[in-house]
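Everything in the sequence shown is counted per the numbering used here, starting at 1 for the first residue and increasing by one. Note that the Cβ used here is the ideal one computed from N, Cα and C, for glycine as well. All figures in this text were calculated on a predicted structure; none of them were measured in a lab. Below: one structure, written as structure tokens.
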Amino acid sequence: MTQTPRSLDRLIRPKSIAVFGGKEARRVIEQCDKMGFAGDIWPVHPREDQILGRRCYRSVADLPGAPDASFVGVNRQLTIDIIAALSARGAGGAVCYASGFREAASELDDGNDMQEALVAAAGDMPIVGPNCYGFINMLDGALLWPDQHGMQRVERGVAVLTQSSNIACNISMQTRGLPLAYLMTAGNQAQTGLSDIACAVLEDPRVTAVGLHIEGFDSIAALERLATRARELGKPVVTLKVGKSEAAQLATVSHTASLAGNDRVSSALLARLGIGRVDTLPALLETLKLLHVAGPLESSEISSMSCSGGEASLMADAGVRYRVNFRALKEEQRRPLKESLGEMVTIANPLDYHTFVWGNREKQTTAFSAMMKGGYALNLIVLDFPRQDRCDAADWVTTCDAVIDAANATSARAGIVASLGENMPEQTALSLMAAGVIPFFGIDEALAAVETAAGIGAAWARPAPPKLLNGGVSGGGNAITLSEHEAKTELAASGLKVPPGTTASTPQEAATAAESLGFPVVLKGLGVAHKTEAGAVKLNLASSAEVLSAAEGMAAVASGYLIEKMVAKPVAELIIGAMRDPVAGPVLTIGAGGILVELLDDSAILTLPTTPELIREAIDGLKIRKLLDGYRGGPKGDFAALADAVAAAASYVVSNASNLEELDINPLMVLPEGHGAIAADALIRRRN
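So, in structure tokens, the structure goes:
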């Protein structure tokens with residue numbers, strides 16, 4: 001039985017450090033000394049008497065006390081022995097540097113066994129790794145890190161966590177002005193995952209935000225705990241999630257799984273939790289800068305100013321790629337902008353302010369202040385700096401001073417964006433950060449940061465979501481597919497509207513049943529997975545004779561018949577589906593349905609359980625929403641009935657989460673306003 005690890009506080013904020021091993025252990029001591037670690041460092045070595053002027057101890061038992069943190073840089077078998085001894089001594093935790101554990105299971109037959117033995121040896125003592133470099137704490141100068149790095153001591157800053165030690169090395173060398181408080185690696189996450197480490201660093205009052213480089217979710221429950229604590233503390237979390245799948249895609253007989261996909265589910269899961277997501281390492285670092293200075297944004301409304309029409313165009317075009325809004329200027333901003341910039345300047349957002357005020361701090365401050373009084377969530381000024389080795393940057397410094405002056409005068413948030421990242425000197429970035437202005441390296445990175453920070457702000461403005469359904473694995477038993485009639489009967493009991501209908505065994509019974517329902521009707525062959533392709537669907541049958549003929553025509557492929565009243569012409573056809581994601585458990589998909597499933601990339605994913613507000617937001621984000629609003633003079637669709645149908649499907653999935661494999665309602669016919677939404681076809685797969 002796995003024991004719950006103790007608090008990570010002693011490990012990540014140690015007052016005493018023990019090091020085990022040769023050259024890697026020596027480097028740990030060197031880095032701690034270089035960064036001014038004020039606590040005790042105890043080298044342990046079987047032969048050396050001293051290392052770097054410190055007495056060596058022969059074993060864990062010989063140490064003067066139980067160390068808060070230990071760096072174990074020895075071979076894998078000896079690592080297990082030392083971890084067991086540290087745990088027995090009551091140590092605070094350890095970094096396991098060695099490889100040859102689960103990550104090498106394909107090369108080493110005992111890789112999995114060794115990892116299990118390591119976790120057992122640790123007991124309730126926290127361990128990080130194995131197969132990892134450890135961590136850097138630049139707040140206290142505590143480095144369980146066996147290599148060089150590019151970081152400096154800080155008093156407050158962000159934490160960046162990754163499974164990859166090499167990615168961590170790369171991040172440590174950044175010259176973007178980002179204050180790194182913690183840089184931590186997790187390796188195999190044998191016992192302690194990234195989410196648990198992130199929860200621990202969040203508790204440090206000197207940490208402002210957390211960035212995660214995730215290759216795979218270690219624990220959904222831990223991720224939920226992290227999101228909850230981040231919201232409580234007001235410290236945002238942003239991820240760079242890589243990898244398209246944590247597990248193989250399950251076999252399906254519908255469109256639902258292809259619409260969802262594991263990577264899209266990951267995005268939906270993170271959005272639900274209020275955790276930001278970016279696509280590149282530069283975007284991760286730039287977003288962390290924004291979050292460090294400003295925190296989550298209350299909206300995506302931003303302004304942009306530059307002294308070049310070319311730069312203004314670059315900003316405007318880049319804005320199309322991100323969920324940002326260059327909101328039009330307020331009327332009261334136009335006059336002061338015109339007065340400060342001159343009649344030849346076109347007042348717009350993004351704004352090209354030309355060079356009429358270039359080099360004039362007072363006039364620039366006046367112009368920037370007028371823009372910053374517009375109530376934008378963030379005000380950006382595009383400014384690429386000249387080379388320091390060949391040019392004079394005095395006027396660029398003046399512009400920086402004017403931005404700082406304007407931000408201080410208006411209490412607005414401001415950022416300076418270098419369109420080319422290399423055109424922002426590190427010292428300038430550091431100075432801007434110290435003044436509360438965000439230095440952005442790259443236009444796309446700046447707008448990605450805005451989009452992400454605004455997304456977190458929107459998520460935090462909503463009530464906290466209910467706890468996710470448990471797990472991605474259903475119960476045992478064979479998967480069975482219900483008939484369409486059986487599926488609709490179950491869904492109707494959950495509140496979903498379906499057409500009046502009945503089943504029949506023979507063509508003659510089908511014709512008689514159609515008479516009772518009233519024409520026109522739809523005839524479908526039962527026992528056929530893809531009815532349209534098999535010719536097992538006939539629409540708008542207007543007489544018993546037509547029904548009889550159609551039934552006889554599909555008798556070779558059908559095991560029976562479903563006869564239903566024909567649904568009136570809809571305003572739009574949608575799909576509602578559910579599948580079991582290997583990580584997030586059951587998730588709901590909604591999107592353009594009918595034949596448009598293949599033609600349009602138009603769907604949204606809802607993790608479960610959901611809320612009416614989230615359902616409405618998901619529908620509002622679909623392209624097909626325009627049809628529901630009465631496109632080009634057409635009738636409006638019954639939006640309320642559609643939302644109710646999605647809620648009913650979600651309720652069915654939640655109630656049957658333990659054995660449901662797949663749900664596919666396609667098409668859901670959304671009728672004109674006031675006339676409802678009806679499931680014209682439905683499929684359910686579940687375990688016995």
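ask   = Hey, quick one: how far does the beta strand (DSSP E) through P667 stretch, first residue to last?
value = L660 to V670
task = Please check the pair P130 and S165, which I expect to be a contact at CB under 8 Å, by giving their CB distance rounded to whole angstroms.
result = At roughly 11 Å, the Cβ-Cβ gap does not stay under 8 Å, so P130 and S165 are not in contact.
Span separating the alpha-carbon of E343 from that of K363 = Whole-angstrom Cα-Cα distance: 15 Å.
message = Assuming V345 and L380 are in contact, meaning their beta carbons sit under 8 Å apart, how far apart are those beta carbons, in whole angstroms?
response = Incorrect: roughly 18 Å between the Cβ atoms, too far for contact.
Distance CB(P67)-CB(L86) smaller than 9 Å = yes
inquiry  = Please state the DSSP three-state secondary structure of V72.
reply    = strand
key: Backbone secondary structure at R687 - three-state DSSP   = strand
key: Every unbroken alpha helix (DSSP H) within the stretch 95-150, with a cutoff of 4 residues, ordered by chain   = 111-122
inquiry  = Considering only their Cβ atoms, is the gap separating G276 from T287 smaller than 9 Å?
reply    = yes
query = Which residue spans inside the stretch 607-662 form an unbroken alpha helix (DSSP H) run of at least 4?
reply = 612-620, 625-628 and 639-655
key: Closest residue to I544 among F326, I29 and L517 (Cα-Cα distance)   = This sequence places Ser at residue 544; Ile is not what is there. For S544, the nearest C-alpha among the options comes from L517.
key: Distance between G577 and D664 (C-alpha atoms, nearest Å)   = Going from the Cα of D664 to the Cα of G577 covers about 4 Å.
key: Rounded straight-line distance, which links the Cα of A479 to that of E725   = Outside the shown range of the chain, which is 1 to 688, sits residue 725, and nothing can be said about it.
ask   = Since I302 contacts A487 with CB under 8 Å, what's their CB separation in whole angstroms?
value = I302 to A487, Cβ: 47 Å. No contact.
message = Across the stretch 644-653 and the stretch 610-622, are there enough close Cβ pairs to call them in contact, namely three or more that are closer than 8 Å?
response = Enough Cβ pairs lie closer than 8 Å, so yes.
task = Quick one: measure Cβ to Cβ for L202 and C32, integer angstroms, because I've assumed they're closer than 8 Å.
result = Between C32 and L202 the Cβ distance is about 24 Å, and since that is not below 8 Å, they are no contact.
query = What is the residue span of the alpha helix (DSSP H) that D317 lies within?
reply = G309 to G319
key: Cut-off 6 Å between Cβ atoms - residues of its own chain near G442, not counting five sequence neighbours on either side   = G421
key: Beta-carbon separation (whole angstroms), L183 vs V160, contact threshold 8 Å   = The pair is a contact, with the Cβ atoms about 5 Å apart (cut-off 8 Å).
key: Own chain, CB closer than 7 Å to L297, minus 5 neighbours either side, in chain order   = A377, L378, V450, A453, A454 and G457
query = According to the Cβ coordinates, are P507 and A555 closer than 9 Å?
reply = yes
ask   = How big is the Cα-Cα spacing for L668 and G637?
value = 12 Å
request  = Counting only the same chain and skipping the five closest in sequence on each side, list residues whose C-beta sits under 6 Å from that of L139.
outcome  = A181 and R206, listed in sequence order.
query = Roughly how far, in whole angstroms, is the beta-carbon of L606 from the beta-carbon of V587, given that I think they are within contact range, below 8 Å?
reply = Right, the Cβ-Cβ distance comes to about 7 Å (below 8 Å), so this counts as a contact.
Length-filtered (3 minimum) beta strand (DSSP E) runs lying within the stretch 534-613 = 537-541, 560-565, 572-581, 585-592 and 603-607
query = How long is the line joining the alpha carbons of D218 and Q388, rounded to whole angstroms?
reply = 45 Å
key: Assigned secondary structure, K241 (DSSP; H/G/I helix, E/B strand, else coil)   = strand
request  = Could you check which residue in L539, D581 and G553 has the C-alpha nearest to that of E564?
outcome  = L539
request  = Please classify L8: does DSSP put it in a helix, a strand, or coil?
outcome  = Looking at L8 - three-state DSSP - the assignment turns out to be coil, as it is neither helix nor strand.
task = Identify whether V371 lies in helix, strand or coil by the three-state DSSP scheme.
result = First, the amino acid is wrong: residue 371 is Met here, not Val. In this structure, M371 counts as helix in the three-state DSSP scheme.
ask   = If G309 and D352 are in contact, beta carbons under 8 Å, what's the gap, nearest whole angstrom?
value = 4 Å
ask   = So, P146 versus E48, is the Cβ gap smaller than 9 Å?
value = no
query = Rounded to a whole number of angstroms, what is the C-alpha to C-alpha distance between E552 and E533?
reply = Each residue's alpha carbon lies about 17 Å from the other.
query = According to DSSP, what are the bridge partners of I277?
reply = It is Arg, not Ile, that sits at residue 277 in the sequence shown. T239.
task = Have a look at L212 and N688 and give me their C-alpha separation to the nearest angstrom.
result = 39 Å
query = Between the C-alpha atoms of V567 and D629, what's the straight-line distance to the nearest angstrom?
reply = Rounded to the nearest whole angstrom, the CA to CA distance from V567 to D629 is 20 Å.
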